[in-house]
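Peer 1: Below is the structure I would like to discuss, written out as structure tokens.
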Amino acid sequence: MCLSDFAILEALLHKGPQPVRELARRIDLTSGSMTTAIDRLETRHLVTRADHAIDRRAWVIHLTPKGEALITKVFGGHVDAMERAMRGLSKTARATLTDLLKRLGTTAEEQLDAGGEVKDAKRIRVGIIGANPDRGWAAQAHIPALKSLLHDFEITALSTSRRESADAAGKSFGVRLAFDNHHDLVNSDAVDVVAVTVNVPYHLELTMAALEAGKAVYCEWPLGNGLNEAETLAALAKKKGVLAVAGLQARSAPSVAYVRDLITQGYVGEVLSTTLIGSGMGWGPTVEPYNEYLNDKKNGATMLSIAVGHAADALCYCLGEVRELSATMAIRRKSFSLAGTDERKPMTTEDQVGVSGLLESGAAFSIHYRGGVSRGTNLLWEINGTEGDLQLTAAGGQAQIFEITVHGGKGAQFSLEVLPVAEQYQWSPPQGPSTNVALAYARFARDYREGTHLCPTFDDAVKRHRMLNAIETAAATGQRQTLR
Numbered sequence: 005m006c007l008s009d010f011a012i013l014e015a016l017l018h019k020g021p022q023p024v025r026e027l028a029r030r031i032d033l034t035s036g037s038m039t040t041a042i043d044r045l046e047t048r049h050l051v052t053r054a055d056h057a058i059d060r061r062a063w064v065i066h067l068t069p070k071g072e073a074l075i076t077k078v079f080g081g082h083v084d085a086m087e088r089a090m091r092g093l094s095k096t097a098r099a100t101l102t103d104l105l106k107r108l109g110t111t112a113e114e115q116l117d118a119g120g121e122v123k124d125a126k127r128i129r130v131g132i133i134g135a136n137p138d139r140g141w142a143a144q145a146h147i148p149a150l151k152s153l154l155h156d157f158e159i160t161a162l163s164t165s166r167r168e169s170a171d172a173a174g175k176s177f178g179v180r181l182a183f184d185n186h187h188d189l190v191n192s193d194a195v196d197v198v199a200v201t202v203n204v205p206y207h208l209e210l211t212m213a214a215l216e217a218g219k220a221v222y223c224e225w226p227l228g229n230g231l232n233e234a235e236t237l238a239a240l241a242k243k244k245g246v247l248a249v250a251g252l253q254a255r256s257a258p259s260v261a262y263v264r265d266l267i268t269q270g271y272v273g274e275v276l277s278t279t280l281i282g283s284g285m286g287w288g289p290t291v292e293p294y295n296e297y298l299n300d301k302k303n304g305a306t307m308l309s310i311a312v313g314h315a316a317d318a319l320c321y322c323l324g325e326v327r328e329l330s331a332t333m334a335i336r337r338k339s340f341s342l343a344g345t346d347e348r349k350p351m352t353t354e355d356q357v358g359v360s361g362l363l364e365s366g367a368a369f370s371i372h373y374r375g376g377v378s379r380g381t382n383l384l385w386e387i388n389g390t391e392g393d394l395q396l397t398a399a400g401g402q403a404q405i406f407e408i409t410v411h412g413g414k415g416a417q418f419s420l421e422v423l424p425v426a427e428q429y430q431w432s433p434p435q436g437p438s439t440n441v442a443l444a445y446a447r448f449a450r451d452y453r454e455g456t457h458l459c460p461t462f463d464d465a466v467k468r469h470r471m472l473n474a475i476e477t478a479a480a481t482g483q484r485q486t487l488r
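In this text, residue positions in the sequence shown follow our numbering: the first is 5, and each later residue adds one.
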């Protein structure tokens, strides 16, 4: 244990909101151990905080009723005596605090078994539409993500389009309610939130049904098959007054959140320009049969909407929205082969997308995505400023999936160095495709319970759809587009 672990507990024991200014004089409140301690307490609903309420080195900590109950239980009601002991950091205090941290660090299930006096907040009940037991984004990402957040979520229902697959999914994922249609799921009293994880052409119908039933929604990206569908869903969500979130999880990635803060803190000074080059990973010479629909433009699941959409959202999340742009799109591979067969199919969606323009800040930007996989760099994103430079790289061009490495250099440095992502941006979600989805769901839980705006809403998704629509228009007309 380190000083910041003790310090955060000292702070949380004060009654009411407590600015931690005195602590800032003797420890680094932005250190990994400090933020890890805060995160651990917060995810157990023992404290709440106003992030950087005063400045980067001061927090405002609120002790929740659950936190008060646990501390009273651990300290036997002698909170004032514990406060005095902690100020001196005596051996007795250290021993007691060690015990407390062990208790605070236990899982939700262990907390419930610890005498029954401290109850976890009611878990958010999720119903998943499109939970194919054999493959699909629900099985790869949503279900592992939700199961890693058992203190916040419970998967109570799922649905597929056939009785056989629904029963198989229920058995495979350990979910009791398995429906063979979405109507029963969205109208179930056992569901608080509906996760829509099917192919894009079905997003409109299924998401509208969930919203009409008054349920909160997590809909995969793209939100709709084009801008019009996205606007329709955003308007309905607003009318119903429910939380409606889009799966733009690249902005939840630890590296992206870290870079966003570096920009805000002035690491590069004023941003002059940014350049992003990526590979679509799909939309190449060979496609698995179950992904064939991605190469048909009418389905709305194109390289532009998926690969470029996720990467562009991360860029705009860090640097601000686009003011104006020009674009070029082309189909360079005229056909593709289906893996395991001799069959070739026509490519009807662009496998080359180039965009350039200005951000609202005036910084120049450019994005180039190409279909397939490169033998060189599959994701390279550079941010150049008056005081420094940042570079983000990954093994794959799907920014929402692949782990991103950050390099940076500023001031008198003549080269870049690896910038390890600070501990405050990381915890222990499942590794792989579900990592950023788990981080997105963790944010969703706070938005659902506290009314915050940490996740991209349907309105945020409409902004991204408008950008993609402007890219298509600019490419088709050859005219520069201005975004409102």
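Think of the CB as a built atom: it goes at the ideal place given N, C-alpha and C, for glycine as much as any other residue. No experiment lies behind these values; they were computed from the predicted model shown.
Glutamine 485 to threonine 477, Cα distance in whole Å?
Peer 2: 8 angstroms
Peer 1: Can you check which of these residues, Ala426, Leu208, Ile159, Met471, is closest to histidine 314 by C-alpha distance?
Peer 2: Of Ala426, Leu208, Ile159, Met471, the residue nearest in Cα terms is Met471.
Peer 1: Could you compute how far the alpha carbon of alanine 367 sits from the alpha carbon of leucine 487?
Peer 2: 15 angstroms
Peer 1: Given a cut-off of 8 angstroms on the beta-carbon distance, is the pair glycine 415 and glutamate 421 in contact?
Peer 2: no
Peer 1: Which word fits threonine 268, buried or exposed, when buried means at least 16 other C-beta atoms lie within 10 angstroms of its C-beta?
Peer 2: exposed
Peer 1: The beta strand (DSSP E) that contains glycine 358, what's its start and end?
Peer 2: 356-363
Peer 1: First and last residue of the alpha helix (DSSP H) that includes tyrosine 262?
Peer 2: 258-268
Peer 1: Measure from the alpha carbon of asparagine 382 to the alpha carbon of each residue in Tyr373, Thr390, Leu276, Thr481, then state which is nearest.
Peer 2: Tyr373
Peer 1: Please report the straight-line C-alpha distance between threonine 481 and serine 169, rounded to a whole angstrom.
Peer 2: 45 angstroms
Peer 1: What is the DSSP secondary structure of cysteine 223, reduced to helix, strand or coil?
Peer 2: strand
Peer 1: With a CB to CB cut of under 6 angstroms and the five nearest residues on each side skipped, what residues in its chain are close to valine 246?
Peer 2: Ala220
Peer 1: I need the straight-line Cα distance from methionine 285 to valine 130, nearest angstrom please.
Peer 2: 31 angstroms
Peer 1: By alpha-carbon positions, which one of Arg327, Pro350, Leu329 ends up nearest to arginine 337?
Peer 2: If we check each option's Cα against that of arginine 337, Pro350 comes out closest.
Peer 1: Report, in whole angstroms, the separation of the C-beta atoms of alanine 241 and leucine 215, which I expect to be a contact under 8 angstroms.
Peer 2: Right, their Cβ atoms sit about 6 angstroms apart.
Peer 1: Would you kindly work out how many angstroms separate the C-alpha atoms of asparagine 191 and leucine 154, rounded to a whole number?
Peer 2: 23 angstroms
Peer 1: Should glutamine 460 go down as buried or exposed, given a rule of 16 or more other Cβ atoms within 10 Å for buried?
Peer 2: The sequence given here has proline at residue 460, not glutamine. So proline 460 counts as buried.
Peer 1: So, do the stretch 348-363 and the stretch 381-399 have three or more beta carbon pairs nearer to each other than 8 angstroms?
Peer 2: no
Peer 1: Give the secondary structure of glutamate 209 by DSSP, where H, G and I count as helix, E and B as strand, and everything else as coil.
Peer 2: Secondary structure at glutamate 209: helix, using DSSP grouped into helix, strand and coil.
Peer 1: Which residue marks the beginning of the alpha helix (DSSP H) containing glutamate 292, and which one marks its end?
Peer 2: Per DSSP, glutamate 292 belongs to no alpha helix (DSSP H) and is neither H nor E.
Peer 1: May I ask you to report which of helix, strand or coil DSSP gives valine 246?
Peer 2: coil
Peer 1: Please report the straight-line C-alpha distance between glutamate 158 and isoleucine 133, rounded to a whole angstrom.
Peer 2: 15 angstroms
Peer 1: Measuring straight from C-alpha to C-alpha, what distance separates proline 437 and isoleucine 408?
Peer 2: 13 angstroms
Peer 1: On the three-state DSSP scale, how would you describe histidine 457?
Peer 2: coil
Peer 1: At what residue ranges does the stretch 391-472 contain a whole run of the alpha helix (DSSP H), taking only runs of 4 or more?
Peer 2: 439-454
Peer 1: Considering only their Cβ atoms, is the gap separating lysine 244 from glycine 228 smaller than 8 angstroms?
Peer 2: no
Peer 1: Can you give me the C-alpha to C-alpha distance between asparagine 440 and proline 148, rounded to a whole angstrom?
Peer 2: 11 angstroms
Peer 1: Output the boundary residues of the alpha helix (DSSP H) element that contains proline 148.
Peer 2: 147-151
Peer 1: Identify every residue that forms a DSSP beta bridge with histidine 372.
Peer 2: The beta-bridge partner set that DSSP reports for histidine 372 consists of Ile281, Gly358.
Peer 1: In angstroms, rounded to a whole number, what distance separates the CA positions of isoleucine 128 and aspartate 156?
Peer 2: 6 angstroms
Peer 1: On the DSSP bridge assignment, give the partners of glutamate 386 in chain order.
Peer 2: Glutamate 386 pairs with Thr279, Gln395.
Peer 1: Specify the secondary structure class of arginine 255 as computed by DSSP and reduced to three states.
Peer 2: helix
Peer 1: Confirm, please, whether the CB-CB distance from leucine 329 to alanine 474 is below 8 angstroms.
Peer 2: Leucine 329 sits close to alanine 474, with the two beta carbons spaced by under 8 angstroms.
Peer 1: Does the stretch 317-325 come close enough to the stretch 259-273 that 3 or more CB-CB pairs lie under 8 angstroms?
Peer 2: yes
Peer 1: Can you tell me the Cα-Cα spacing of tryptophan 225 and alanine 145, whole angstroms?
Peer 2: Going from the Cα of tryptophan 225 to the Cα of alanine 145 covers about 13 angstroms.
Peer 1: Answer with buried or exposed for glycine 251, where buried requires no fewer than 16 other C-beta atoms within 10 angstroms of its C-beta.
Peer 2: buried
Peer 1: Please work out which residues of its chain come closer than 7 angstroms, Cβ to Cβ, to alanine 172, disregarding the five sequence neighbours upstream and downstream, and give them in chain order.
Peer 2: Excluding residues within five positions, the ones whose Cβ falls inside 7 angstroms are Pro137.
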